[in-house]
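Remarks on the structure that follows.
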Amino acid sequence: QLEGINQMPVNPKRGLTFATGLRHILRQDPDIIMVGEIRDRETANISIRAALTGHLVFSTLHTNDAPGAITRLIDMGVEPFLLASSLEAVLAQRLIRKICPKCKEPYKPDENLIRNLNSSIAIKPDTKLYHGAGCNECMQTGMSGRTGIFEMLRITGTLRELIAARPTTEQIIKAAPADHISMEHDGFAKVLEGITSPEEVLRVSKSIGEEE
Numbered sequence: 310q311l312e313g314i315n316q317m318p319v320n321p322k323r324g325l326t327f328a329t330g331l332r333h334i335l336r337q338d339p340d341i342i343m344v345g346e347i348r349d350r351e352t353a354n355i356s357i358r359a360a361l362t363g364h365l366v367f368s369t370l371h372t373n374d375a376p377g378a379i380t381r382l383i384d385m386g387v388e389p390f391l392l393a394s395s396l397e398a399v400l401a402q403r404l405i406r407k408i409c410p411k412c413k414e415p416y417k418p419d420e421n422l423i424r425n426l427n428s429s430i431a432i433k434p435d436t437k438l439y440h441g442a443g444c445n446e447c448m449q450t451g452m453s454g455r456t457g458i459f460e461m462l463r464i465t466g467t468l469r470e471l472i473a474a475r476p477t478t479e480q481i482i483k484a485a486p487a488d489h490i491s492m493e494h495d496g497f498a499k500v501l502e503g504i505t506s507p508e509e510v511l512r513v514s515k516s517i518g519e520e521e
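With the sequence shown counted from 1, adding 309 to any position gets you the numbering used here.
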């Protein structure tokens, strides 16, 4: 139990859905609301209206990346002008495998891989890349444990105007702030830090593209 925090488990069989639970919570004048997941139009609209009335609302949504969350909410039926007025930021994340520390070693990727990498990050002649050679500790996989790659999209004034006009995901990406970093680029930053391998980031990036 945490002081000042109330949790309400949903039970659709008894009529307590995310939407009905949100209505009950709003009557209690909460400071912060955490909605486990936005699954439908009703829950999305109540969450948006809660944010518009001064409540800080956190929730989750299944999308490929941060810009995709905006178009998903609009597709769910949220009015673009309401979303533009209430949304502050979107955080997206994926899990990637880490290189096994026991068998980690520098290596030179093949030419095809280097070409793929150069389209995303600049590989200099003295850049060191690492992979796991495989050992008993990692069951010869070269990988051990996981970490996250992240993407934070801050909603600027420019993006608010764009969201109100019902944009595509591509338009949102183009209008993102200059300091916006995609999950793929965050992954490649971890490649340069020696945390994960280039192949792992390309594998996860490919899976993101296939889901779109």
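Just so it is clear, CB atoms sit at the ideal spot from N, CA and C, and this is done for glycine as well. If you're wondering where the values come from, they're calculated on a predicted model, not measured in any experiment.
Identified DSSP bridge partners for residue i
{"i": "Ile490", "result": "Note: Ile490 sits in no beta bridge, so no partner."}
{"i": "Met343", "result": "Phe367"}
Residue i, enclosing beta strand (DSSP E) - first and last residue
{"i": "Ala375", "result": "Careful: Ala375 lies outside any beta strand (DSSP E), inside the alpha helix (DSSP H) at 375–385."}
{"i": "Gly443", "result": "Neither: Gly443 is in no beta strand (DSSP E) and is coded neither H nor E."}
{"i": "Pro415", "result": "413–416"}
{"i": "Glu460", "result": "452–463"}
{"i": "Leu365", "result": "365–368"}
Straight-line Cα distance separating residue j from residue i
{"i": "Arg323", "j": "Asn315", "result": "20 Å"}
{"i": "Glu420", "j": "Pro339", "result": "56 Å"}
{"i": "Met461", "j": "Asp384", "result": "21 Å"}
{"i": "Arg472", "j": "Ser368", "result": "Looking at the sequence shown, residue 472 is not Arg but Ile. For Ile472 and Ser368, the distance between alpha carbons rounds to 19 Å."}
{"i": "Ala401", "j": "Met492", "result": "8 Å"}
{"i": "Thr465", "j": "Ser395", "result": "12 Å"}
Range of the contiguous alpha helix (DSSP H) that encloses residue i
{"i": "Ala401", "result": "Looking at the DSSP string, Ala401 is not in any alpha helix (DSSP H); the run it does join, the beta strand (DSSP E), is 398–408."}
{"i": "Ile355", "result": "350–361"}
Burial state of residue i, where buried means 16 or more other Cβ atoms lie within 10 Å
{"i": "Ile355", "result": "buried"}
{"i": "Lys499", "result": "buried"}
{"i": "Tyr439", "result": "buried"}
{"i": "Gly448", "result": "At residue 448 the sequence reads Met, which differs from the Gly that was named. Counting Cβ neighbours within 10 Å, Met448 comes out exposed, since fewer than 16 surround it."}
{"i": "Phe532", "result": "The structure shown does not extend to residue 532, since the chain is modelled only from 310 to 521, so the question has no answer here."}
Simplified DSSP assignment, three categories, for residue i
{"i": "Val319", "result": "coil"}
{"i": "Leu391", "result": "helix"}
{"i": "Leu335", "result": "helix"}
{"i": "Leu325", "result": "strand"}
{"i": "Ser514", "result": "helix"}
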